[in-house]
Amino acid sequence: AGSVDGFKVADLALATLGRKEMTLAEHEMPGLMALRKEFGPQQPLAGKRIAGSLHMTVQTAVLIETLAALGADVRWASCNIFSTQDQAAAAVVVGPEGTQDNPQGSAVFAWKGENLEEYWWCLEQTLTWPDGSGPHSIVDDGGDATLLVHLGVQHEAAGAVPSPGEDDAEEYRILLDTLRRSLADNPSKYTEMAKAIVGVTEETTNGVNRLYQLARDGELLFTGINVNDSVTKSKFDNKYGIRHSLVDGINRATDVMIAGKLAVICGYGDVGKGAVESLRGQGARVVVTEVDPICALQAAMDGLRVMALDEVLSTGDIFITTTGNRDIIMADQMAKMKHNAVVGNVGHFDNEIDMAGLAKIPGIKKVEIKPQVHTWTFPEGKSLIVLSEGRLLNLGNATGHPSFVMSCSFSNQTIAQIELHTKTGEYAAEVYTLPKHLDEKVARLHLPALDATLTTLTKVQADYIGVDVKGPFKPDHYRY
Ligand code: NAI
């Protein structure tokens with residue numbers, strides 16, 4: 010490995026700690042380590058430039074080094090301003106063989122507590138190699154890297170970047186500024202870049218929704234692999250990951266006793282189901298809000314009260330949004346909550362909780378208790394505790410999901426990247442999920458670590474239910 014081509018992290022001296030944590034994580038990430046062993050000799054990603062925009066955590070560090078171990082030249086940014094673990098970012102830059110004075114790992118542009126200008130700057134750096142070339146593929150989480158490229162192409166074709174509308178979020182305004190500068194600098198940067206990109210592998214529900222919208226509108230410029238909807242991703246990371254990391258975030262942020270409190274979970278999809286278990290496991294009484302009658306019925310039959318948010322505003326102690334939708338808890342609703350109610354979000358974007366509306370309440374005061382924990386005090390004296398400024402609290406206030414479940418997600422990411430680069434011609438500019446045999450493979454890679462013994466079908470049994478002895482064991486429409 011040569012020296013790293015540019016990077017920006019908080020402090021390279023943290024690399025020693027980061028490396029130790031990565032070593033522990035590697036043991037808990039059997040899927041990624043097995044893929045290194047299986048594909049390392051073939052180098053299926055040799056010479057491929059991969060740009061990642063995904064929470065720069067210890068687990069992601071192990072993913073980055075897995076992609077590099079398969080031959081890729083990787084650059085990385087975080088997909089959230091609060092989610093970087095600075096020691097992980099430093100360790101990736103230094104690399105397994107390098108030193109602080111001679112870093113030899115991958116180029117990372119990420120630190121905990123970026124501002125929005127820095128966020129988009131980091132993403133631009135990640136997409137731009139020192140010789141000016143762009144990536145061959147993207148690993149995305151939430152779709153911001155894909156969005157940047159698509160908007161860039163769109164504005165380059167128009168020859169101008171539009172002014173933001175009055176209602177546009179600050180984040181979008183800053184993104185447009187970033188693109189305006191880029192257009193002035195190089196009027197065909199993103200157009201050229203998009204041509205060289207074979208595809209993106211997308212990690213999360215929100216990003217996948219964006220991909221399907223682009224494909225529906227005929228605007229998707231390259232292949233999208235929907236990693237989220239691998240069963241071994243969304244039915245594990247979204248659910249068991251959140252079950253672990255939601256209480257972790259609430260505890261590290263507030264240390265408030267959860268037992269006996271009334272917790273309100275908005276949304277009962279995969280993340281909502283994990284969130285409910287997380288809080289029920291601590292002895293909270295849990296109420297769910299839902300718009301989808303199927304998920305509402307599931308919640309009811311799981312023994313939960315299903316209510317409208319307005320019915321529980323004055324009785325709830327902890328409010329968590331998990332919908333991936335916008336405008337879930339509005340400022341006027343927060344005004345009706347109890348003193349020191351805890352309000353937080355684990356959906357991907359920060360528009361689930363109306364932070365802008367909260368800030369506009371006349372006379373309201375925001376006090377930082379510690380980074381990513383704030384009280385908002387209303388003029389009449391009542392306060393709320395808001396976590397991570399309405400952004401993903403499990404990553405902002407804690408360290409996100411644990412390694413083992415991220416090994417499932419990131420094994421899918423790695424396999425998806427291998428698919429993109431070894432079967433390029435087989436995928437069009439559409440959105441695909443990975444075939445079921447690969448999903449089953451990811452699960453299989455994780456069973457031995459949990460001491461699980463799998464039963465083998467007999468030929469007679471396999472014929473009887475109409476599957477192959479080696480799987481896939483379910484039809485594609487099966488729901489798990
Ligand atoms: P999902 O689609 O399975 O669940 C979302 C649920 O919210 C749906 O059941 C939907 O009916 C419900 N919903 C939508 N609008 C609502 C409203 N106004 N009020 C009440 N309920 C409403 O999606 P999934 O996979 O659970 O993901 C949810 C969000 O969490 C996404 O933004 C996703 O990107 C994010 N995510 C976050 C993770 C984290 O580590 N914090 C991990 C994985 C996903």
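Each residue of the sequence shown is one higher than the one before, counting from 10 in the UniProt record's numbering.
Glycine included, each C-beta is placed from N, C-alpha and C at the ideal position.
Owing to the predicted nature of the structure, the values given are computational and were not obtained by experimental measurement.
Quick check on residue i: buried or exposed, where buried means 16 or more other Cβ atoms within 10 Å of its Cβ?
i      : result
Met343 : buried
Lys248 : buried
His96  : Strictly speaking, residue 96 in this sequence is Gln, with His absent from that position. Classification for Gln96: buried.
Gln470 : exposed
Ala407 : buried
Ala10  : Caution applies to Ala10, whose pLDDT of 44 falls short of 50 and renders its modelled position unreliable; the value that the coordinates give is listed next. Its Cβ having fewer than 16 others within 10 Å, Ala10 is exposed.
Gln52  : exposed
Asn124 : exposed
Tyr473 : exposed
Gly122 : exposed
Thr75  : buried
Asp363 : buried
Lys468 : exposed
Asp38  : Just to set this straight, residue 38 is Met in the shown sequence, not Asp. Met38 comes out buried.
Ile303 : exposed
Ser146 : buried
Asp150 : buried
Gly434 : exposed
Contact check, residue i vs residue j under 8 Å by CB: the rounded distance?
i      : j      : result
Ala77  : Met31  : So it is not a contact: roughly 13 Å between Cβ atoms.
Phe16  : Val102 : 5 Å
Ser115 : Ala86  : Actually they are not in contact, since the Cβ atoms of Ser115 and Ala86 sit about 12 Å apart, beyond 8 Å.
Thr93  : Ala60  : Contact doesn't hold; Cβ gap of about 16 Å is too wide.
Val355 : Leu393 : Not really, about 17 Å apart at Cβ, beyond 8 Å.
Ala272 : Thr298 : That belief does not hold up - the Cβ atoms of Ala272 and Thr298 are roughly 12 Å apart, past 8 Å.
Taking residue i as the reference, give the member of the options with the closest Cα.
i      : options                           : result
Pro50  : Glu106, Gly80, Leu41 and Lys198   : Gly80
Leu367 : Leu463, Ala169 and Val395         : Val395
Val256 : Ala166, Ile327, Leu21 and Asn334  : Ile327
Met420 : Asn218, Tyr128, Asp448 and Asn124 : The amino acid occupying residue 420 in the given sequence is Ser; Met does not appear at that position. It is Asp448.
Ser416 : Pro173, Asp246 and Ser12          : Asp246
Leu21  : Thr108, Ile474 and Gly151         : Thr108
Glu286 : Asn195, Ala461 and Ile267         : Ile267
Phe387 : Leu402, Ala350 and Ala309         : Ala350
Leu54  : Ile183, Gly168, Val207 and Gly27  : Val207
Thr331 : Val13, Ala167, Ser146 and Gly283  : Gly283
Glu398 : Asn89, Gly56, Val117 and Leu466   : Asn89
Lys391 : Arg289, Leu466, Lys375 and Val162 : Lys375
Going by DSSP, name the residue or residues bridged to residue i.
i      : result
Val376 : Thr384
Asn235 : Glu211
Leu401 : Asn354
Leu393 : Ala350 and Trp385
Ser62  : Ala86 and Asp149
Phe118 : Lys17 and Ala86
Thr298 : Cys275
Thr241 : Partner(s): none; Thr241 has no beta bridge.
Phe328 : Val273 and Val352
Ile362 : Ile338
Tyr441 : Ile234
Quick one: is the Cβ of residue i within less than 6 Å of any heavy atom of ligand 3?
i      : result
Gly258 : Questions concerning ligand 3 fall outside what the structure shown contains, since the ligands it does hold are ligand 1.
Are there three or more Cβ pairs, one per stretch, closer than 8 Å when the region 216-227 is compared with the region 435-442? yes
Decide if the region 402-422 is in contact with the region 125-132; the criterion is three or more beta carbon pairs, one per stretch, under 8 Å apart. no
With contact counted as at least three CB pairs below 8 Å, one residue from each stretch, are the region 471-483 and the region 250-264 in contact? no
With a cut-off of 8 Å, do at least 3 Cβ pairs link the region 373-391 to the region 424-432? no
Evaluate the contact criterion for the region 230-237 versus the region 208-222: three or more CB pairs, one atom per stretch, below 8 Å. yes
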